[in-house]
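A short worksheet on the structure shown next.
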């Protein structure tokens, strides 16, 4: 799976690409048995491959900050819809954060006993990561996608040029969120994450060019992404 991601395969094609190697292993043997000794069916093998893909993407959550892990769990449950404040507090306690802190981080709105994640178009249009003391990967990812949607590759690249090595985790999160949105049937959201990954090589090339005009150390941080 790491090789597929490193090859920048589009999230929309990731599941299908994982099936190929998995079924190659399955087809290598004349018979594959279940734990009870019965022959494994092809549909079961496909289910196991998809399960392995989900597990791999979930394991990458250890790379995320606590704010982002909270946002991901909340998004999976509510998307951008409102949810009960009490549930948000319970989840924040489990993730080691607070609703107040998440609001200060600029990723959610809490009022009237309800909480919801901010939509991309609600984020600050003049946001500068260099002036943000608390910058969750969630916020960075959504800001990059918003710049990508409104300003194209150069707009996204300008942000990435400022954050250097944080950029790699952004792409990981885009893969994770695409898979989640596809499962939920949120086609519009899924499209935004897929588009970011598809354009990632061009964005990174533009970001490196921009960074070279500024801090050399940032340009070096971007190498390999």
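Numbering (my numbering), first residue to last: 1 to 225. Even for Gly, the Cβ is constructed at its ideal location relative to N, Cα and C. Predicted, not measured: the structure shown is a model, and the values here were computed from it.
Indicate whether residue i and residue j have their beta-carbon atoms separated by less than 8 Å.
i, j, result
"residue 67", "residue 10", "no"
"residue 116", "residue 123", "no"
"residue 207", "residue 161", "yes"
"residue 64", "residue 137", "yes"
"residue 99", "residue 85", "yes"
"residue 197", "residue 171", "yes"
"residue 102", "residue 70", "yes"
"residue 130", "residue 144", "no"
"residue 88", "residue 141", "no"
"residue 139", "residue 107", "yes"
"residue 82", "residue 180", "no"
Report the CB separation of residue i from residue j in whole angstroms; it is logged as a contact under 8 Å.
i, j, result
"residue 166", "residue 156", "With a Cβ gap of about 13 Å, residue 166 and residue 156 do not count as contacting."
"residue 80", "residue 114", "Not quite, the Cβ-Cβ distance comes to about 12 Å (not below 8 Å), so this is no contact."
Figure out for me which residue from the options has the closest Cα to the Cα of residue i.
i, options, result
"residue 178", "168, 164, 169, 195", "195"
"residue 95", "81, 74, 82, 211", "74"
"residue 28", "37, 76, 42, 111", "42"
"residue 230", "163, 112, 121, 154", "Absent from the structure is residue 230, since the part of the chain shown begins at 1 and ends at 225."
"residue 154", "212, 204, 111", "204"
"residue 249", "168, 91, 45", "Summary: the structure shown does not reach residue 249, with the chain confined to residues 1 through 225, and so no result is reported for it."
"residue 189", "211, 146, 213, 200", "146"
"residue 152", "72, 199, 39, 169", "199"
"residue 273", "125, 209, 169, 211", "No answer is possible for residue 273: it lies beyond the span of the chain, which begins at 1 and ends at 225."
"residue 135", "169, 121, 112, 111", "169"
Does chain D have any CB closer than 8 Å to the CB of residue i?
i, result
"residue 115", "The structure shown contains no chain D, having only a single protein chain."
Run through the segment 140–212 for me and flag every whole alpha helix (DSSP H) of 4 or more residues, listed as ranges in chain order. 167–184, 187–198, 200–212
Complete beta strand (DSSP E) runs within the segment 105–138 (minimum length 3 residues, chain order): You should have 108–111, 114–117.
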